[in-house]
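Written out below as structure tokens is the structure these notes cover.
Numbering (the numbering used here), first residue to last: 2 to 292.
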């Protein structure tokens with residue numbers, strides 16, 4: 002079986018490749034399709050085939066997907082209108098190359114009543130995958146836990162976790178756990194026509210999250226329930242573009258709407274092991290002795 006990871010050099014995609022190898026996939030069974038082949042050098046040195054695939058060059062896609070049994074599709078971070086074009090081109094290329102199954106990496110907010118600004122794209126993308134004429138599996142990823150560890154030094158300086166959330170909870174999940182579950186969905190039979198909600202083991206409140214950050218860093222970090230306008234101002238101080246600020250603000254509106262609070266056992270169902278807790282991940286990622 003040939004597994005092709007589209008976007009296999011990104012933060013999630015590279016972890017999926019590593020998880021596939023740990024799960025027993027042989028390098029010759031794997032392909033990475035990407036625009037910048039130099040970024041895949043580490044995997045090329047392991048014997049994994051690297052193929053050129055550029056969404057702006059649609060004729061590159063079908064050759065990149067040639068002889069692919071299962072294609073892992075991870076959407077890019079392009080503006081939504083560009084993602085729609087990319088998605089349609091990817092599906093057309095997969096159809097032309099006779100790909101047997103697509104595993105699509107979606108997001109928890111893929112629902113028509115979502116407050117998240119990206120949700121209409123997610124609903125569109127999932128619908129197109131279902132109707133493309135290729136066997137499919139959809140993985141709805143929960144909210145990433147990893148950025149909190151990256152943000153920890155700044156949170157320690159501020160002594161606060163400033164989010165515009167009143168009472169919402171989030172079942173955070175790490176990219177490592179998402180990668181394990183994704184690798185299983187790629188390697189195993191029996192997942193065609195299935196939608197999996199990949200979440201952490203608990204939906205935590207923002208005060209609980211601040212407590213976990215305090216324990217991991219060894220420094221008091223309090224939850225600060227800021228207004229949406231205050232949150233947007235904080236983002237702009239970090240030079241985050243306005244369109245991304247709007248998306249982030251809408252994501253936290255969705256949090257208060259309860260859209261990220263669902264907890265499932267689908268990670269364990271797919272991979273055989275439960276997802277890591279917020280506390281365990283932050284302690285491992287931040288790694289403050291005695292924290």
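Using N, Cα and C, we set each Cβ at its ideal position, and we do this for glycine too.
These figures come from a predicted structure and were not determined experimentally.
Between the alpha carbons of residue 149 and residue 226 lies a gap of roughly 16 Å.
Restricting attention to beta strand (DSSP E) runs no shorter than 3 residues, the segment 119-183 encloses them at 136-142 and 161-164, ordered along the chain.
Beta-bridge partners of residue 55 (DSSP): 58. When secondary structure is reduced to three states using DSSP, residue 261 falls in the coil class, being assigned neither helix nor strand. In the DSSP assignment, residue 270 is bridged to no other residue. Taking a 10 Å sphere around the C-beta of residue 78, we find fewer than 16 other C-beta atoms and assign the residue as exposed.
The Cβ-Cβ distance between residue 87 and residue 122 does not fall below 7 Å. Residue 130 and residue 91 have their C-alpha atoms spaced approximately 10 Å apart. Residues 223 and 225 of the same chain have their beta carbon placed closer than 6 Å to that of residue 161, with the five preceding and five following residues left out of the count.
By the neighbour-count definition (other C-beta atoms within 10 Å, threshold 16), residue 178 is a buried residue. With respect to the 7 Å criterion, residue 58 and residue 102 are not classified as neighbours on the basis of their beta carbons.
In the three-state reduction of the DSSP assignment, residue 50 falls in the strand class, which pools E and B.
Annotation for residue 204: no alpha helix (DSSP H) segment contains it, and DSSP assigns it neither H nor E. Rounded to the nearest angstrom, the Cβ distance from residue 182 to residue 204 is 18 Å, too far for a contact under 8 Å.
Taking C-beta atoms under 8 Å as the contact rule, residue 271 and residue 180 fail to qualify, at a distance of about 11 Å. In summary, residue 65 is buried, with 16 or more beta-carbon neighbours lying within 10 Å of its beta-carbon over all protein chains present. Residue 27 carries a coil assignment under DSSP once its states are collapsed to helix, strand and coil. Relative to residue 110, the option among 26, 140, 154 and 52 whose CA is nearest is 140. In the three-state DSSP reduction, residue 243 falls in the helix class (H, G or I). The residues 55, in chain order, have a CB closer than 6 Å to that of residue 36 in the same chain once the five nearest residues on each side in sequence are set aside. Note: residue 197 is bridge-paired with 140 in the DSSP secondary-structure output.
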